[in-house]
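Below: the structure, in structure tokens.
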Ligand SMILES: Nc1ncnc2c1ncn2[C@@H]1O[C@H](COP(=O)(O)OP(=O)(O)OP(=O)(O)O)[C@@H](O)[C@H]1O
Ligand SMILES: [Mg+2]
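Chains as they are written, first to last, in our numbering: chain V, 1 to 242; chain Y, 243 to 469.
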């Protein structure tokens, strides 16, 4: 209850700050909706273009997942004190945590500067971002594994990467689940990266929105939505099968 | 050098902080002996096995295992010659039975293991080992789909495939029904002929007296020989 009370008070204060407690705002929404509704609808002639842009988004997301997973597979054991020497683990963890504090959109801006605008910048940004997140997910999963597993495998003589790979197989469910989570995340993020010029459907959405071409905007948004739903569905199906 | 002892423990004491678990333990186990360790819950049986496996360092005393002083730094030398089967077995649940057996050779063939590409010889030998423990029809089954007795057999097959000289098994039959338990104990006892020294933690006196050469009990931190 205390949390709810706190949130209520905070919401009221912030609403004032944001100028949301304003009777005129209702009128504003009504007027703009009235303008928008007749414009609703999609441009069937632009579906092909929208599909191409969404496909670009998908490719960027997938590249982020595939390369991010590969990097995390190898780096996560180095950040886990159960596998790597403690000093290396601490350093590895610090590095991964630092990288993770930088939002994907900032990486996108950086890569737009480094490699120029387009999907290449977005793909590289997602790759780094995914790697940083998966490193955390993977080392946490490695650490939550029963100590007796490590004991048995260590006495057997396993260490380093082979030890990590054996444990990965043991916790395959968690690993696959994290990878799918990042896929869902990337598809959503990749749609926004276009806003800063890093490729994908976001670029078009922003352009058409600026031109007040709502039907074109809706077309691109709709196709994006369909992709997100398909990816979530696929992810759900895979999750239930592992 | 007392090379005729697989395990030679002298005046071992072990404590967790202020809690004394083992005090002044002496234990000499000859190569090829089949030894049962008994004792109440919390008496320190697992602790003793872990010390022999090199997983815990004793507070006081000397521990020689397979001729190596494991209290000194050169512990790496005996890694791989000991198989430790913890109470929860330590099997890789997401892998097949065959994967779990082949895993035992990952330390000597890391590339084959990481690539998931084993030579024909290794696979044939692994299958032979599975036959020995009675799991020849389960090679491709996933470990998490097996019964308790079958899982114990996988762990034993893994130890055999590892070519371990010393097998440490922590309560290998405590969660099994009587018949299954006896079949597992028989299997373990039969390994004596394979030049293997075996130390098993047991709860059942009957099994211990029927199948084991030496029986010890840990009581109040000290180790006593029952047989
Ligand atoms: N990491 C630890 N830190 C502190 N105390 C511990 C630790 N591990 C075990 N102990 C204590 O040491 C004692 C001996 O534990 P141990 O696991 O060796 O007993 P056990 O004879 O194997 O018991 P069981 O039959 O229940 O498996 C217990 O009292 C336990 O609580
Ligand atoms: Mg125990």
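Even for Gly, the Cβ is constructed at its ideal location relative to N, Cα and C. These figures come from a predicted structure and were not determined experimentally.
Just grab the DSSP bridge partners of residue i for me.
i, result
"residue 443(Y)", "279(Y)"
"residue 458(Y)", "279(Y), 467(Y)"
"residue 269(Y)", "251(Y)"
"residue 195(V)", "BP columns for residue 195(V) are empty, so no partner."
"residue 256(Y)", "264(Y)"
"residue 409(Y)", "325(Y), 440(Y)"
"residue 311(Y)", "306(Y)"
"residue 338(Y)", "384(Y)"
So, is residue i buried or exposed, given that buried needs 16 or more other C-beta atoms within 10 angstroms?
i, result
"residue 412(Y)", "buried"
"residue 380(Y)", "buried"
"residue 279(Y)", "buried"
"residue 450(Y)", "buried"
"residue 358(Y)", "exposed"
"residue 282(Y)", "exposed"
"residue 6(V)", "exposed"
"residue 327(Y)", "buried"
"residue 305(Y)", "buried"
"residue 347(Y)", "buried"
"residue 15(V)", "exposed"
"residue 186(V)", "buried"
"residue 97(V)", "exposed"
"residue 30(V)", "exposed"
"residue 2(V)", "exposed"
"residue 147(V)", "exposed"
Whose C-beta lies closer than 6 angstroms to the C-beta of residue i among residues of the same chain, with five residues either side of it excluded?
i, result
"residue 76(V)", "135, 138, 139"
"residue 220(V)", "50, 201, 204, 205"
"residue 382(Y)", "338"
"residue 461(Y)", "none"
"residue 128(V)", "107"
Cutting at 8 angstroms between CB atoms, please list the residues of its own chain near residue i, excluding the five before and the five after it.
i, result
"residue 363(Y)", "none"
"residue 230(V)", "none"
"residue 239(V)", "176, 177, 180"
"residue 355(Y)", "344, 345, 347, 348"
Mind checking whether residue i and residue j have CB atoms under 8 angstroms apart?
i, j, result
"residue 132(V)", "residue 196(V)", "no"
"residue 153(V)", "residue 163(V)", "yes"
"residue 142(V)", "residue 82(V)", "yes"
"residue 457(Y)", "residue 410(Y)", "no"
"residue 399(Y)", "residue 415(Y)", "no"
"residue 439(Y)", "residue 274(Y)", "yes"
"residue 271(Y)", "residue 302(Y)", "no"
"residue 218(V)", "residue 18(V)", "no"
"residue 126(V)", "residue 61(V)", "yes"
"residue 334(Y)", "residue 267(Y)", "no"
"residue 68(V)", "residue 199(V)", "no"
"residue 403(Y)", "residue 276(Y)", "no"
"residue 325(Y)", "residue 406(Y)", "yes"
Report all residues from its chain with a CB closer than 7 angstroms to the CB of residue i; omit the five preceding and five following residues, and keep chain order.
i, result
"residue 265(Y)", "255, 463, 464"
"residue 349(Y)", "322"
"residue 226(V)", "none"
Under 8 angstroms between C-beta atoms, does residue i make it to chain B?
i, result
"residue 352(Y)", "As a matter of chain content, chain B is missing from the structure shown, whose protein chains are V and Y."
Return yes when the C-beta of residue i is under 7 angstroms from any heavy atom of ligand 4, and no when it is not.
i, result
"residue 323(Y)", "This structure simply doesn't include ligand 4; it includes ligand 1 and ligand 2 instead."
Inset, instruction - Check whether the stretch 338-350 of chain Y touches the stretch 280-297 of chain Y, taking contact to mean three or more Cβ pairs, one atom from each stretch, closer than 8 angstroms. - result: no
Legend entry - the stretch 105-117 of chain V touching the stretch 52-59 of chain V, judged by at least three CB pairs closer than 8 angstroms: no
Inset, instruction - Taking 8 angstroms as the threshold, find out whether the stretch 87-105 of chain V comes into contact with the stretch 145-152 of chain V through three or more Cβ pairs. - result: no
Inset, instruction - Decide if the stretch 1-18 of chain V is in contact with the stretch 170-188 of chain V; the criterion is three or more beta carbon pairs, one per stretch, under 8 angstroms apart. - result: no
Legend entry - Contact between the stretch 248-263 of chain Y and the stretch 232-239 of chain V (3+ Cβ pairs under 8 angstroms): no
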